[in-house]
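Each position in the sequence shown, counted from 1, maps to that position plus 2 in the working numbering.
We put the beta carbon where it would ideally sit given N, CA and C, even for glycine.
These numbers were taken from a predicted model, which means no experiment stands behind them.
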Amino acid sequence: MPVVDYQKYVKMLEKAHKESFAYPAINVTTTDTMNAAIEGFAAANSDGIIQVSTGGGAHASGNLKDMVLGSIMLAEQAHRVAEKYDINIALHTDHCQTDKIDTFLKPLIAETARRRAAGLPNLFNSHMYDGSAVPLKENLEHAVELLKLCAENEIILEVEAGVVGGEEDGVNAEGVGKEKLYTTPEDMLTVYEELSKVKGAKFMLAATFGNVHGVYKPGNVVLKPSILKEGQDAVMAKYGKDARFFLVFHGGSGS
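Following this line, the structure appears as structure tokens:
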């Protein structure tokens, strides 16, 4: 089937939300890993999400090291290959830090806007802005600006509050204070209140509960998933059950 459109993507997320399961999100860097990810989903008869990071996009473009070009190349491949399989595939971009907003996220959103104007489907279904390295207030200022652009183009935005530990794609958070590895219910409430100001927009939250990127010895990672329930409960207590977040879990390799 073709890469899902906005409405089908929302239905995918709502299904996971309602039935309490998660979709795998597989990072790809080459045509081979793209094919392997799609074939893996098909073999498991599972819908899923394929994602490209800034480093993955740069790698895909070869010696050009152009993260936007490489991401476009991989997404175009996915659109052509996915339609040959009888599963739903969504396309997402992974961690994009604040310093890459103008050189990665905004060009990709602009590419989707260009495609839509030409009657073509979105390039990506969703993007992640990772503002966890800056204060929450600044994080959300950038997130709101990006969410407005996404909403105009039927794109879902993922944001992060708290820090995913470990190292991934050249970004190292191994030395971060342990308290930052756990998103507070107050932070989750603040995220909801700020992002919900963008009417009609859809967003996902990577709230952290001790999860880390990388591989660690048993005992080094202390997961506190109850934090997620506490945050969800705080949001729903104030704004109703429909305010419950679509949550994203990072660090499957290390956690």
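Count the other C-beta atoms from every protein chain shown that fall within 10 angstroms of the C-beta of Asp104, then say buried if there are 16 or more, exposed otherwise.
Exposed is the call here.
Enclosing alpha helix (DSSP H) for Met36 [first to last residue]
Its alpha helix (DSSP H) spans residues 33-45.
So, with DSSP's three-state summary, where would you put Val146?
Val146: helix per DSSP, three-state reduction.
Pull up the distance between the alpha-carbon of Gly64 and that of Pro187, whole angstroms please.
Distance between the alpha carbons of Gly64 and Pro187 is about 43 Å.
Spatially closest choice to Ser48 from Ala209, Leu107, Leu71, Ile28, by CA coordinates:
When each option's Cα is compared against that of Ser48, the closest is Ile28.
From what residue to what residue does the beta strand (DSSP E) around Asp130 run?
The amino acid at residue 130 is misidentified as Asp; the sequence shows Met. From DSSP, the beta strand (DSSP E) with Met130 extends over 128-131.
My guess is that Tyr184 and Phe211 are in contact by the Cβ rule of under 8 Å, so how many angstroms apart are they, rounded?
Cβ atoms of Tyr184 and Phe211 come within 8 Å of each other, at about 6 Å.
Alpha carbon to alpha carbon, how far is Glu16 from Asp68?
So the alpha carbons of these two residues sit roughly 34 Å apart.
How would you write the range of the beta strand (DSSP E) that Met3 sits in, first residue to last?
Note, Met3: premise wrong, no beta strand (DSSP E); not H, not E.
Mapping the DSSP letters down to three states, classify Leu107 as helix, strand or coil.
Secondary structure at Leu107: helix, using DSSP grouped into helix, strand and coil.
What did DSSP end up calling Ala209 once you bin it into helix, strand or coil?
Correct three-state label for Ala209: strand.
Kindly indicate which three-state DSSP category Gly242 falls into: helix, strand or coil?
In the structure shown, Gly242 falls within a coil segment according to DSSP collapsed to helix, strand and coil.
Met75: buried (16+ other C-beta within 10 angstroms of its C-beta) or exposed?
The C-beta of Met75 has 16 or more other C-beta atoms within 10 Å across all chains shown, which makes the residue buried.
Expressed to the nearest angstrom, what Euclidean distance is found between the alpha-carbon atoms of Val54 and Ala145?
Near 19 Å, if we compare the C-alpha coordinates of Ala145 and Val54.
Give the single residue among His81, Ile40, Gly58, Ala45 whose Cα lies nearest to the Cα of Pro4.
Sorting His81, Ile40, Gly58, Ala45 by C-alpha distance to the C-alpha of Pro4 places His81 at the top.
Name the residue from Val214, Ile51, Ala60, Asp96 whose alpha carbon lies nearest to the alpha carbon of Asn90.
Nearest C-alpha to Asn90: Ile51.
Tyr184 - partner residues in DSSP beta bridges:
Answer is Phe211, bridged to Tyr184.
Which stretch, first to last residue, makes up the beta strand (DSSP E) that contains Leu159?
Leu159 -> beta strand (DSSP E) spans 158-163.
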